[in-house]
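Colleague: Encoded as structure tokens, here's the structure I'll be asking about.
Chains as they are written, first to last, in this note's numbering: chain U, 18 to 305; chain Z, 5 to 308.
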């Protein structure tokens, strides 16, 4: 029971990160491999804000989100849009964007290394125990989970209830047809990409309250987010949340029963099972 | 035929390097020979198929571990062969799982592969109480260099033969249009998996050959993920569309990394990042593509 709840708490934050990536890949069609670096940058921001001015990470996220939004919007407009324009087909865009975002990812790591050094960073924020269903958990974990639920819920409502959300879902389903019914694909893709980056950075700020990060851990989170997105199905909010919770629980089970060093191996086993049996995602329909 | 003789001559000249210098330049020669082997075999698969493989470090690490575990009981040459065999089987398994699907799955899977194998080996070592492995042989730097040169020659020969075979023809069609290839009766998944076994085997053999150079092997050294990225950059910088393309990228980038890492050791990640952007935005087809464009332009001028 203890393991299950810890896993779900972890999965909640994973869901938030994966939602960010899903917005970028599902709508803007950019497989953003620099996603993890945005996350770590968000974590650094929260760390610095807390250690220097005692600013609570709960407030920091309101600063982190617009900064990350702007930065990602710039990245999309300046660097990725030219690739979208020049690509002759989906495959070429995929290859180009993978290489370009790898470049951004390495540059991100390099910049963070030279500004902050390669040390691990962590701080003690709300490290008090709370009791939940007879077991005790860190208050920071519970709080991060609650925040993740709130943000995921807001995104879900926005995507499913608003006019802009409808347009974004239309682009995710059929980018070519979306243009025909008068949807501004270019602007909305940039918006979705920027929003995805903001969500990821907020996830990073939240995760830094209870996990130790360093400049080069980004790629691990990128990988986990990618596995979740593929498992949940590209562009599928519900699938992403279920997949994130599954991964969170699985990792916690492996870490506490086998060895904490094997969490990525566990994620891989899950990834492999999905590739072999349900490559279209948990709730996806078989392509005809 | 003339090309074959020229290539053999070039290899002959390269093989003389250890007689000229035994220190810095030989060390650099080993690095260049290693990356040439890795990048050329990488391009054999990724050139025609456009799949970006990041599995090099995983296969390489497996190779070093084959040497590390077997050096006390088996002769060195058989370990290199064994590493190649294991690498090929591993590549076939990875290919079976991912190459039937679109390219993104393949990239993601290979991205974490080295880390996955590293975690598993570390776990096994922790549970058996073993820490690292000592590789003690009488193979010196010159010996390693000649082994690598031989392997590089084998890779070039393989590439040349594949280019002239039915498999090579099938792959060029797959690269142009996979749907067309499938409709004309090519088993696309099988062709891709077969081809992916080549870089898998070669990277494992390279690791096996280089293991004596490290003397002491531990997981974080053998499975350094950065190796995969360096290979991708070198191959694409040179151009993956020709057999000799990667070589053109390996030499300048090795010198660049060497200079950067000795002068600004903390900036290597930054340089790798910038190299990726240069490839995407400035040299989409590598130096080879640039050369082709220049040649075409001069030819067009002559016609006028």
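Positions of the beta carbon are idealized from the N, C-alpha and C atoms, including for glycine.
Relative to the C-alpha of residue 288(Z), which candidate in 71(U), 81(U), 40(U), 109(U) has its C-alpha closest?
Modeller: 109(U)
Colleague: Closer than 8 Å, Cβ to Cβ, to anything on chain Z: give me those residues from the region 116–142 of chain U, in chain order.
Modeller: Taking 8 Å as the Cβ-Cβ cut-off, the region 116–142 of chain U approaches chain Z at 116, 117, 119, 120, 121, 122, 123, 124, 125, 126, 127, 128, 130, 131, given in chain order.
Colleague: Since residue 9(Z) and residue 103(Z) should fall inside the 8 Å C-beta cutoff, what is the C-beta to C-beta distance between them, to a whole number of angstroms?
Modeller: With 8 Å as the limit, residue 9(Z) and residue 103(Z) do not qualify as a contact, their Cβ atoms being about 36 Å apart.
Colleague: So what's residue 227(Z) in DSSP terms, helix, strand or just coil?
Modeller: coil
Colleague: Run through the region 94–125 of chain U for me and flag every whole alpha helix (DSSP H) of 4 or more residues, listed as ranges in chain order.
Modeller: 98–103
Colleague: Starting from the beta carbon of residue 120(Z), find every residue of chain U whose beta carbon is closer than 8 Å, and list them in chain order.
Modeller: 281, 282, 285
Colleague: To the nearest angstrom, how far is the alpha carbon of residue 294(U) from that of residue 79(Z)?
Modeller: 42 Å
Colleague: Can you look up residue 230(U) in the DSSP assignment and give me helix, strand or coil?
Modeller: strand
Colleague: Across which residues does DSSP place residue 67(U) in a beta bridge pair?
Modeller: In DSSP, residue 67(U) forms no bridge with anything.
Colleague: For residue 129(Z), which residues in chain U fall below 9 Å Cβ to Cβ?
Modeller: Here the premise fails: no neighbours, minimum Cβ distance about 10 Å.
Colleague: Quick one: what's residue 220(Z) bridged to in DSSP?
Modeller: Answer is 138(Z), bridged to residue 220(Z).
Colleague: If we count the other Cβ atoms within 10 Å of its Cβ and call it buried at 16 or more, is residue 102(U) buried or exposed?
Modeller: exposed
Colleague: Check the Cβ of residue 173(Z) against every Cβ in chain U and list those closer than 9 Å, keeping chain order.
Modeller: Under the 9 Å cutoff, chain U gives no residues; its nearest Cβ is about 20 Å from residue 173(Z).
Colleague: Would you check if there are 3 or more beta carbon pairs closer than 8 Å linking the region 208–228 of chain U to the region 80–96 of chain U?
Modeller: yes
Colleague: Interface residues of chain Z around residue 296(U) at Cβ under 8 Å?
Modeller: 105, 109
Colleague: What residue range does the alpha helix (DSSP H) around residue 181(Z) cover?
Modeller: Looking at the DSSP string, residue 181(Z) is not in any alpha helix (DSSP H), and its letter there is neither H nor E.
Colleague: Are any of the Cβ atoms in chain Z nearer than 9 Å to that of residue 254(U)?
Modeller: For residue 254(U), not one C-beta of chain Z is nearer than 9 Å to its own C-beta.
Colleague: Start and end of the alpha helix (DSSP H) containing residue 284(U)?
Modeller: 280–294
Colleague: Tell me whether residue 25(Z) is buried or exposed, calling it buried when 16 or more other Cβ atoms sit within 10 Å of its Cβ.
Modeller: Per the 10 Å Cβ criterion, exposed.
Colleague: Name, please, each residue of chain Z whose Cβ falls closer than 8 Å to the Cβ of residue 112(U).
Modeller: 54, 56, 107
Colleague: Output the distance between the C-alpha atoms of residue 73(Z) and residue 137(Z), rounded to the nearest integer angstrom.
Modeller: Rounded to whole angstroms, residue 73(Z) to residue 137(Z) spans 7 Å at the Cα level.
Colleague: Under three-state DSSP, which class holds residue 173(Z)?
Modeller: helix
Colleague: Which chain U residues sit within Cβ distance under 7 Å of residue 159(Z)?
Modeller: Ordered by position in chain U, no residue passes the 7 Å Cβ test against residue 159(Z), which lies about 23 Å from the chain.
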